[in-house]
């Protein structure tokens, strides 16, 4: 199964650039109601994921809870606790399911590391549910066909 079938393209995904300030990142995350957002550089390379937690810990620990002091700091200077590992377009569905267990979204990159979009955990769950239903439907239809021959 090709994961591009589940891709939400970059043009429909909110993301931030590494040179955005803390304020810009917070505003974009608030506007889109994201708790985590993909971060790319200006050449489009996926760099990582910035979370609300990363921002909160930085404001608390690095800026003594002074949002004014933090608002012009580039997010590239904010320590990130974790990054959503990206999938490549040739990633198997099995690997994508495993990634979705740990991440709300899976960033997708091309073979050069350029960010092309995301696959959401919801899309992966829907795929899994549909996959479980399909064999049951086929099995039921086969049983009905066999019993009608008797």
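Residue numbers (the working numbering): 2 to 151.
Every residue, glycine too, gets a C-beta built ideally from N, C-alpha and C.
Since this is a predicted model, take the numbers as computed values, not measurements.
Residue of 68, 65, 36 and 42 minimising C-alpha distance to residue 53 | Here the question's residue 53 lines up with position 52 in the chain shown. Of 68, 65, 36 and 42, the residue nearest in Cα terms is 36.
Evaluate residue 43 with the Cβ neighbour count: other Cβ atoms within 10 Å of its Cβ, from every protein chain shown; 16 or more gives buried, anything less gives exposed.
-> Position 42 of the chain shown, counting from 1, holds the residue named residue 43. Result: exposed.
Using the Cα positions of residue 97 and residue 88, report the straight-line distance between them to the nearest angstrom.
-> Locating residue 97 in the chain shown gives position 96, counting from the first residue. Locating residue 88 in the chain shown gives position 87, counting from the first residue. Their backbone Cα atoms lie some 7 Å apart in a straight line.
Grouping DSSP H, G and I as helix and E and B as strand, with all else coil, what is residue 88?
-> Position 87 of the chain shown, counted from the start, is the residue given in the question as residue 88. Strand at residue 88.
So what does DSSP say about residue 70, is it helix, strand or coil?
-> Stepping through the chain shown from its first residue, residue 70 is reached at position 69. The answer is helix: DSSP assigns residue 70 an H, G or I state.
Where residue 64 and residue 72 are concerned, what is the direct C-alpha to C-alpha distance, given to the nearest angstrom?
-> In the chain shown, residue 64 corresponds to position 63, counting from 1. In the chain shown, residue 72 corresponds to position 71, counting from 1. The alpha-carbon atoms of residue 64 and residue 72 are separated by roughly 10 Å.
Out of 3, 18, 90 and 30, which has the shortest C-alpha to C-alpha gap to residue 78?
-> For the purposes of this step, residue 78 is identified with residue 77 of the chain shown, where counting begins at 1. The option with the nearest alpha carbon to residue 78 is 18.
Do the CB positions of residue 106 and residue 81 come within less than 8 Å of each other?
-> Along the chain shown, one-based indexing puts residue 106 at 105. Along the chain shown, one-based indexing puts residue 81 at 80. No, they are not a contact pair.
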